[in-house]
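A.B. asks:
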Amino acid sequence: MVNGRVSRRTFVGASIAAPALATMPFAMGGVAAQDGIVATMVTDTAGLGDQNFNDATNAGGQVAAEEFGAEWKVIESIDAAAYVPNLTAAAEQGQLVVATGFLLTAAVESVGAQFPDVYFTLIDSFVDLPNVQSVLFNEHQAAFLTGVAAGLTTATNKLGIIGGERIPPVIRYEVGFRAGVAAVNPDAEVLVAYVDSFGDPETGKEFALAQYNDGADIVFPIAGLTGIGGYQAVAELNNPGEQWILGADISQEHLAPGFELAVCRKGVDTSAYRAVKQVVEGSFGAGLNQLGLGDAPVGFDNPDVGVGFEDPNGRVADDVKAVVADYQAQIAASTLVVPANDEEFESHMAGTPVPAPAG
Amino acid sequence: MDGIIDFFDLNLFKAVLRMATPLVFAAMGGLLSERSGIMNIALEGLMLSGAFAAVVGTYYLHNPWWGLLVALIVGGLTALIHAFWSIGLRSDQIVTGTAINLLAAGTTVFLIQRIWAQSGRTPTVQKLPDVAAQVNVLVPIAFLCVPIVYFFLKSSKLGLRVMACGEHPQAAESVGINVSLLRYGMVMMSGVFAAAAGAFLTIGSLGLFTRDMTAGRGFIALAAVIFGNWMPFGTLAACILFAGAQAFQIQAQTKGIGISADLLLALPYVLTIIAIAGVVRGSRAPAGLGQHPTPN
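Which chain is which? The protein sequence lines are A and B, in order.
For the first sequence, numbering that gives the first Met the number 0 begins at 0 and goes up steadily by one.
For the second sequence, numbering that gives the first Met the number 0 begins at 0 and goes up steadily by one.
(1) Using a cut-off of 9 Å between C-beta atoms, extract the partners of alanine 14 of chain B located in chain A.
(2) So what's leucine 290 of chain A in DSSP terms, helix, strand or just coil?
(3) How big is the Cα-Cα spacing for aspartate 318 of chain A and glycine 223 of chain A?
(4) Hey, how far is the Cα of glycine 87 of chain B from the Cα of tyrosine 59 of chain B?
(5) With 16 other CB atoms within 10 Å as the buried threshold, where does serine 154 of chain B fall?
(6) Answer yes or no: the CB of valine 297 of chain A versus the heavy atoms of the ligand FAD, is any distance below 6 Å?
(7) Taking the CB atoms as reference points, tell me whether glutamine 248 of chain B and leucine 262 of chain B lie closer together than 7 Å.
(8) What are the residues that DSSP puts in a beta bridge with leucine 95 of chain A?
(9) Could you tell me if threonine 120 of chain A is buried or exposed, where buried requires 16 or more neighbouring beta carbons within 10 angstroms of its beta carbon?
(10) Here's the rule: buried if 16 or more other CB atoms are within 10 angstroms of the residue's CB, otherwise exposed. What is phenylalanine 51 of chain B?
(11) Glycine 46 of chain A versus chain B: which residues are under 7 Å apart at the beta carbon?
(12) Methionine 0 of chain B CB to nearest chain A CB: under 7 Å?
(13) Beta-carbon within less than 7 Å of glycine 179 of chain A's beta-carbon, same chain only, minus the 5 sequence neighbours each way: which residues are those?
(14) Please identify, using Cβ separations under 8 Å, the residues of the stretch 184-204 of chain A that lie next to chain B, in order along the chain.
(15) How would you write the range of the alpha helix (DSSP H) that leucine 240 of chain B sits in, first residue to last?
(16) If we cut at 7 Å on Cβ distances, does alanine 214 of chain B have a partner in chain A?
(17) Of all the CB atoms in chain A, is at least one closer than 7 Å to the CB of leucine 127 of chain B?
(18) Excluding the five sequence neighbours on either side, which residues of its own chain have a C-beta within less than 8 Å of the C-beta of leucine 22 of chain B, listed in chain order?
(19) Contact between the stretch 38-47 of chain B and the stretch 87-102 of chain B is defined here as three or more beta-carbon pairs at a separation below 8 Å; is this criterion met?
(20) Could you tell me whether any Cβ in chain B is nearer than 7 Å to the Cβ of leucine 224 of chain A?
(21) Is any beta-carbon of chain B found at less than 7 Å from that of glutamine 231 of chain A?
(22) Under three-state DSSP, which class holds arginine 216 of chain B?
(23) Please go through the stretch 46-92 of chain B and give each complete alpha helix (DSSP H) segment of 4 or more residues, from N-terminal end onward.
(24) With distances taken between CB atoms, is the gap from glycine 291 of chain A to glycine 305 of chain A smaller than 7 Å?
(25) Does any CB atom of chain B fall closer than 7 Å to the CB of valine 30 of chain A?
(26) Expressed to the nearest angstrom, what Euclidean distance is found between the alpha-carbon atoms of glutamate 91 of chain A and alanine 106 of chain A?
(27) Of the choices B/Trp229, B/Val138 and B/Val55, whose alpha-carbon is the least far from that of leucine 68 of chain B?
(28) So, under 8 Å CB-CB, serine 35 of chain B and cysteine 164 of chain B are touching, yes? Tell me the CB distance rounded to an integer number of Å.
(29) Considering only DSSP beta bridges, list what threonine 209 of chain B is partnered with.
(30) Measuring only the C-alpha atoms, how far is glutamine 210 of chain A from aspartate 216 of chain A?
(31) To the nearest angstrom, how far is it from the Cα of alanine 45 of chain A to the Cα of leucine 159 of chain B?
(32) Using the rule of at least 16 other Cβ atoms within 10 Å of the residue's Cβ for burial, across every protein chain shown, is serine 118 of chain B buried or exposed?
(33) Report yes or no: do the stretch 164-182 of chain B and the stretch 7-15 of chain B share at least 3 C-beta pairs separated by less than 8 Å?
(34) Could you list which residues in chain A have their beta carbon closer than 9 Å to that of methionine 18 of chain B, in chain order?
(35) Excluding five sequence neighbours on each side, which residues of the same chain lie with their C-beta closer than 6 Å to the C-beta of glycine 227 of chain B?
(36) Consider the Cβ of asparagine 10 of chain B: report whether some Cβ of chain A lies at a distance smaller than 7 Å.
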């Protein structure tokens, strides 16, 4: 405080401004652009580090940037109010904006209309604009297969679901899983609980502990960052071979080595890859892109496959996998239509087959 | 009857203790700061910086106890910024508290990137030991802090002086108490306590840090201080009420007692509103809260 009273006020101003600057979204440098394509991902509030939805999308975009010589950037959204400014910043600096998540729907609708020359890929939701590619997944199909595997594996006849927020993609996971369990093990009970947050792993852990303590032996967190708590819970209880966790979107085995029974795979990474690829090749497919089960597993080689059931560590018994394969064939042949929302689930459970979607 | 016994089991009790732990730590810190006359809405950010420092300390020193020590020091020093702004420079205490919260949210995310070259989440580190199944050693320590804070404020000379600073800073100054020094000390202690709350979340429970993982617990702790009428045991009761509502909500969803999940999720917040509207009518903040010992 050499300058006495003059510097005092300036100092207060500067020292208060500094943290505000620190919270400004910062873009992570990607791979150098060769042909000028800049793709920017805007996260939902769970942000990077969720080991899940946002991280997977980011990984897919990086692979694509590497392969196609584009530049991949990320803007993290600190809260819901940041969606519109972040999407605007992303649209101003490039050709493609990848918006990860249902929660960004309204923001994409308004920003997408303002930038008709910029391509937008919106994951997990639908916006009807000529420059917006809405990628929806048939999570319920993969979740059904995961439910079949879990229903045949459970020893306690009790399973748990921990949802983040009850939004359509999570609902598809939930009802698909419950329908799958019911198909092979009608006596099994599925505990369904919602944390109401995708960013609170500590509370997620409490939910998982409550379910395991109540007798559930397989828990399926569908909750982004919150789901990390489920992995911590199963690792802490430490009953290998007796209590399991199921991975959603991508494998998170490293969070609780030895406890991940299987993965309900969702190709958010391959859909980001797919969007960059399409922009580079000039084949951007706007409109609704519904990605479901395919003959091949989810992967960059076949980015049109949206979801799949995976057993990366060979923990699912062979006879169980045979049943899963059987159901997969039925779903592929449309002889079995998996419910995707509450109404369809109820009519499915009442014995009325869900009609196949038109087209 | 069986159903009720089944519902209120030992696991639920443990869950309440676990969920109350970070609230109790942070609320005791907030209580000390506010009792000395400095408003502290920075608890959330102090907690977050402590949670992060605990992981960094454990990561580099390979021992969670050292990690805890690092957290407490970092928490105290972060609170020193708040103290300097609000006592030394007499800035608006709400504004500076908000600045601390933003500072912590931003720097932790930034430092994860710098230290581990990954985003939003640190690697898993060793945790502090458990004293019983799913009860970390920090849980009993948190509850032990309550009588300590109580006797400090009620029976120690220093504690009584702290309360004098909070009630009437001008009078305290006139009898020779160094109001600023005591307030600096108490604000730093609030950082130490809040850091312990944060450390519980990381090295006491999850074993890793994720961005914004405190998820509003600092603000709930602050509500507990107000609801507890700035009294240590009242604040403890409020923390247990909030944690209990949350644990009940989780247990109710798990056991499927047939109440809408949306209603159950709102339960802790509804309880807070009812409590503050109905019960705390006689609540009185320290009279000198936010005041300075000499005119500006």
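Built from N, CA and C at the ideal position, the CB exists for glycine as well.
Since this is a predicted model, take the numbers as computed values, not measurements.
C.D. replies: So, from the data block:
(1) Glu205, Leu208, Ala209 and Asn212
(2) In the three-state DSSP reduction, leucine 290 of chain A falls in the strand class (E or B).
(3) Distance between the alpha carbons of aspartate 318 of chain A and glycine 223 of chain A is about 31 Å.
(4) 34 Å
(5) exposed
(6) The ligand content of the structure shown is nil, which means the ligand FAD is not present either.
(7) no
(8) A/Ala38 and A/Tyr118
(9) buried
(10) With at least 16 other beta carbons inside 10 angstroms of its own, phenylalanine 51 of chain B counts as buried.
(11) Gly119 and Arg210
(12) Because methionine 0 of chain B sits at a pLDDT of 41, beneath the cut-off of 50, its placement in the model cannot be relied upon, and the following sentence gives the value as read from the coordinates. Answer no: the Cβ-Cβ gap between methionine 0 of chain B and chain A never drops below 7 Å.
(13) Ala142, Phe143, Leu144, Thr145, Gly146, Val147 and Gly150
(14) Leu190, Val191, Ala192, Tyr193, Asp195, Ser196, Gly198, Asp199, Pro200, Glu201, Thr202 and Lys204
(15) 231-254
(16) yes
(17) no
(18) Ala196, Arg216, Ile219, Ala220, Ala223, Cys238, Phe241 and Ala242
(19) These segments touch.
(20) yes
(21) Chain B, which has a Cβ nearer than 7 Å to the Cβ of glutamine 231 of chain A, makes this yes.
(22) Looking at arginine 216 of chain B - three-state DSSP - the assignment turns out to be helix.
(23) 63-82
(24) yes
(25) With a pLDDT of 42 at valine 30 of chain A, under the threshold of 50, the modelled position of this residue cannot be trusted; read the value that follows with caution. It does not: the Cβ of valine 30 of chain A has no partner Cβ on chain B nearer than 7 Å.
(26) 15 Å
(27) B/Val55
(28) Contact flag correct, Cβ pair sits at about 5 Å.
(29) B/Arg120
(30) 8 Å
(31) Alanine 45 of chain A and leucine 159 of chain B have their C-alpha atoms some 45 Å from each other.
(32) buried
(33) no
(34) Glu201, Thr202 and Glu205
(35) Gly233, Thr234 and Ala237
(36) yes
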